[in-house]
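Each remark here refers to the structure printed beneath this line.
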Amino acid sequence: MDDINLDPCEFSEFIQGVLQDDNVEYRLEDIDDYLINLISNSPELDKVREVERCAKIVVELINPNIYGYSYSWALHSLLACECILGKVDEVIVNLEKLISHCESLGSKTPCISAIRNIKQGLLGEIAVDKYPYLLKVIVDFLKENDSEIEVAKCYVSAAYFFSDNDSYRSAVDVLDDALEYLEEKGNLDFGFEVLSVKHSICITNEDHSSAIKIWDELLEVCEKNEINLPDDLVLNHATLLMQLKKFDDAIKLYLEALSQQDCEVKKRAVISVNISASYRENGNLEAASKYMHDARVILAELGSDSFDDDFLLEIELIDAKNNLIYGDQNTLKKCLFSFAFRMNETLKNTFKIHYRRGIRSRYFGRFENLIASLATTGVAADIIPLLALSRINQSADWLSLLKWKEDISSIISHDELVQLSESIDRLADYGAPHLYGFAEKYDNAFYGNNNDPWDLFITQVEILKYKYDIKSPYHYTSNEYISTLLHDRIHNGNVLIFDFSASQSKLITISDNNYIIENLPDEEGRNFYIELNKFRLSGDNRTQFNQTLINYQNTLIDNIKESISILEDSGGVIFFPSKMDSFPLNILLISNDQIRKKILSGNFEIRSCLCLHPKDESFEIHSCLGMVESTTNLEYDKAEIQYFINTTGLNGEILYQPDQKDFFERVATHDSIVISQHGFSAAMFTDPVFADLAGPHAERRTLSYSYLQSHSYKMNYKLVMLNACYGGTLVNRNYFKLFRTHELLGYPQAFLLNRKSIVIAASWTIVDRYNALIMHNFSNFMKMYGPSKSYGMSLAKAFEMSISEIISALNEISGGTLQLPNEQHLDVMRGQPFCFATYQNYTLL
């Protein structure tokens with residue numbers, strides 16, 4: 099066939115001429131073949147877009163009632179282009195249209211061909227979150243056409259999708275539905291295949307008891323039918339044995355699989371990696387090296403595009419640990435950097451925030467253990483990109499999305515911006531960045547019954563990306579961006595300290611161009627962590643908790659002398675807490691004479707960073723909203739807020755136990771918030787979404803986490819002081835699961851979502867009188883310094899104040915109306931770690 103001009107105007111006129119021809123369907127079939135050959139022979143995206151425009155013209159111009167056969171194949175060709183371009187919404191719509199047309203036409207061949215293309219992975223870089231919706235369309239068609247096995251295969255594909263995103267419950271539910279469907283259809287043979295997949299997914303998600311139970315069921319079926327166990331099933335069982343540390347048994351099964359001549363090359367690579375890990379754990383390093391080399395050779399020959407993301411991530415982590423054992427630090431670092439690159443590639447087309455967390459959580463525990471195993475000293479450039487990846491969380495993803503919307507607001511149209519803003523509001527209302535655990539548990543897009551606003555948002559993003567030259571919504575959580583941000587903070591004179599309490603009890607300290615890794619005290623740290631969590635839940639163990647805190651302080655100072663020395667010569671610290679939320683940073687700083695002197699002179703700033711996102715540097719504060727309880731046994735609650743307002747010269751008001759709606763309406767007109775009341779730890783609630791500062795049994799809500807999370811991103815406050823016991827407690831779980839990433843949910847994290855504020859809060863109880871002393875100092879320092887410096891200076895000054903100064907300060911706040919305890923009590927209070935170590939100054943980066 100002669101070349102066809104693909105210019106839209108020329109092509110449209112050409113098709114209109116063809117439709118006047120005597121052999122219309124024959125000509126249209128030739129044109130369809132021509133277009134398909136163009137993208138088959140030259141799959142460059144520009145060419146595919148050109149062909150897509152032409153395929154759309156054909157679909158629009160053909161009358162489906164007259165040329166039904168030609169219309170179906172034209173729609174098929176359009177689907178092929180949309181698949182390659184990753185236009186998943188258009189694929190879903192046009193596949194439904196094709197199915198409907200083919201059913202009325204009585205010819206299903208175009209449908210079957212299109213579905214085969216989709217299932218064979220002929221999709222471009224689609225938003226993977228859409229994949230279950232697409233599978234559901236296919237399943238509905240296949241069920242109508244009695245294709246039981248193909249239906250079950252779609253269920254299996256959906257289950258693997260959910261498992262990859264750490265949505266284990268959804269994966270199991272889908273497979274159970276597949277088994278029920280096959281039983282209804284009487285197709286028990288393929289039910290064995292589905293049960294085998296369920297066995298595999300249980301292993302992936304380390305549900306060992308379920309995996310063993312299913313294994314026994316599968317063995318029974320094989321014995322009953324006198325058939326051999328399928329190879330894939332045996333390999334999955336070998337992986338289970340490896341997880342259970344039965345390495346000899348696992349190696350035996352893996353080697354048997356490798357010895358089979360029909361073992362395909364890709365499978366050999368996967369098996370070789372697992373054998374390498376098993377031999378390493380058994381101490382046979384030579385064999386471990388050999389099989390890892392074999393796997394690397396296959397990967398190099400076939401290319402990374404031939405393997406799924408899971409394998410590409412696993413090979414780097416397993417090889418990294420191998421090289422840790424070999425003592426090869428250079429290759430260890432190379433593997434970790436490769437893992438970081440692969441993780442960014444894996445995440446780039448995933449939009450749902452809890453899916454992104456799910457992908458990270460499958461690997462980050464091992465990843466962080468390997469980071470903690472790097473050489474104890476080195477250059478910062480060797481570790482910062484790894485830390486940048488390891489500490490990204492859902493809050494950072496959400497803030498990146500909000501910043502992205504601001505960035506593109508001047509590029510997209512007004513109507514598009516309004517629609518995007520409305521979508522983001524719906525995401526916040528639905529549960530962003532943190533979805534209620536029960537909702538997450540049953541978030542199953544395969545059934546499309548959860549009114550999930552992410553679907554519309556992803557559609558809008560895909561349309562905007564296609565129309566404009568814009569970045570990903572998660573650009574600001576990319577490794578490159580966060581690494582640059584961390585380097586900038588170091589160059590500004592800050593020391594970065596990463597708490598790796600949850601990973602081999604390490605502390606990583608970075609300053610200038612170097613890092614050091616030091617050991618945290620194991621026994622004292624563990625004892626403190628246990629007593630801290632008891633104290634947060636009941637408060638009955640104050641004596642034991644206080645003693646373990648003192649013990650921890652004493653041993654910690656001995657253990658991390660190099661980090662303390664670095665801090666003594668620096669201009670500030672940015673601390674990154676771990677998911678355990680247990681490191682009392684102030685015991686290193688306030689009790690150190692040299693550091694305390696720098697803090698008091700305004701030359702040292704203390705910050706705890708909960709989210710890797712750039713902080714707003716503007717801290718001009720003009721007004722204050724205070725909140726207290728109407729009935730309370732606190733002595734200084736109202737007085738300390740009034741003192742802050744008067745001393746700083748702010749416009750302010752104090753609310754007495756307002757309802758939540760009134761409080762947030764009033765917050766909208768104030769720059770700062772000071773809440774002085776009794777507080778309850780977020781850890782007391784089954785899910786942080788239920789958390790309320792007034793406690794689980796309060797008659798009315800005063801500050802609920804769910805409302806704060808859903809509305810704070812629109813607010814303009816710049817300073818929040820939570821003068822409430824446990825106001826700064828952070829948890830790393832929801833109703834559904836413990837998080838393996840560093841999410842750190844709580845009131846400080848939720849307040850920080852407006853991207854403009856700092857939050858000063860307490861990790862455990864507050865001593866009312868000591869807090870009044872801090873508020874006195876803070877109020878006076880705020881006349882000359884910003885909130886972060888004023889925070890540190892307030893603690894440092896309280897530590898050094900004489901008894902007479904303490905009495906004067908407390909009387910100044912109360913107006914001299916309150917009786918003070920004896921001088922010995924005041925002397926003990928000012929230097930007690932229990933008092934000053936509870937405070938944290940939470941910020942962004």
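In terms of this note's numbering, the numbers along the sequence shown are unbroken and rise by one, the last being 943.
The beta-carbon is built from N, C-alpha and C at its ideal position, and this holds for glycine as well.
In the DSSP assignment, T746 falls within the unbroken alpha helix (DSSP H) covering 735 to 746. Closest in alpha carbon position to Q930, among L942, D271, L893, E903, is L893. Take I506, set aside five residues on each side of it, and the residues of its chain with a beta-carbon closer than 6 Å to its own are I568, in chain order.
Rounded to whole angstroms, the separation of the alpha carbons of A256 and F932 is 51 Å. Apart from the 5 residues on each side of it in sequence, E733 sits with its Cβ closer than 7 Å to the Cβ of D866, L916 in its chain, given in chain order. With respect to Y741, S877 sits close: the two C-beta atoms are nearer than 8 Å. Ranking G724, L723, S609 by CA distance to the CA of G669 puts S609 first.
Note that the region 401 to 421 touches the region 432 to 439; at least 3 beta-carbon pairs, one per stretch, sit closer than 8 Å. Within the region 142 to 190, no complete beta strand (DSSP E) segment of 3 residues or longer occurs. Taken through DSSP and simplified to helix, strand or coil, C433 comes out as helix. Scanning the region 474 to 543 for uninterrupted alpha helix (DSSP H) segments of 4 residues or longer gives 482 to 488, 492 to 506, 512 to 529, 535 to 539, listed from N- to C-terminal end. Nearest to N549 by alpha-carbon distance, out of N428, S521, S570, is S521. Within the same chain, Cβ atoms closer than 7 Å to the Cβ of Q558 are found at Q517, L518, S521, the five residues on either side in sequence being excluded.
C300 carries a helical assignment under DSSP once its states are collapsed to helix, strand and coil. Apart from sequence neighbours up to five positions away, the residues of its chain that approach N192 with a beta-carbon distance below 8 Å are L173, L176, L177, E180, ordered along the chain.
Per DSSP, the beta bridge partners of M725 are L753, I773.
Residue state for E616 is assigned as strand, using DSSP reduced to three classes. DSSP, read as helix, strand or coil, puts E703 in strand. For L820, the enclosing beta strand (DSSP E) stretches over residues 817 to 821. A direct Cα-to-Cα measurement between N631 and N869 gives close to 22 Å.
At the C-beta level, T800 and Q755 come within 8 Å of one another. Between H711 and L748 a beta carbon distance of about 27 Å is seen, past the 8 Å cut, so the two are scored as non-contacting.
A straight-line Cα-Cα distance of about 49 Å links L499 and D925. Cβ atoms of A737 and S912 come within 8 Å of each other, at about 5 Å. Residues of the same chain with a CB within less than 6 Å of the CB of G166, apart from the 5 flanking positions on each side, are L203 in chain order. With a cut-off of 8 Å on Cβ pairs, the region 596 to 616 is not in contact with the region 535 to 544, counting fewer than three such pairs. For R831, DSSP records a beta bridge to L836. With contacts defined by Cβ atoms closer than 8 Å, K677 and L943 do not form a contacting pair.
Residue burial annotation: C252 is buried, with at least 16 other C-beta atoms found within 10 angstroms of its C-beta.
Here the C-alpha atom of I490 lies approximately 19 Å from the C-alpha atom of D408.
Looking at F259, Y574, V319, D638, the one whose alpha-carbon comes closest to that of I457 is F259.
In this structure, the straight-line span from the alpha carbon of L791 to that of M782 is close to 11 Å. F598: member of the beta strand (DSSP E) spanning 593 to 598, first to last residue. When secondary structure is reduced to three states using DSSP, V865 falls in the coil class, being assigned neither helix nor strand. In this chain, the beta strand (DSSP E) harbouring S609 covers 604 to 609.
Counted as a single uninterrupted DSSP element, the alpha helix (DSSP H) harbouring F239 occupies residues 229 to 242.
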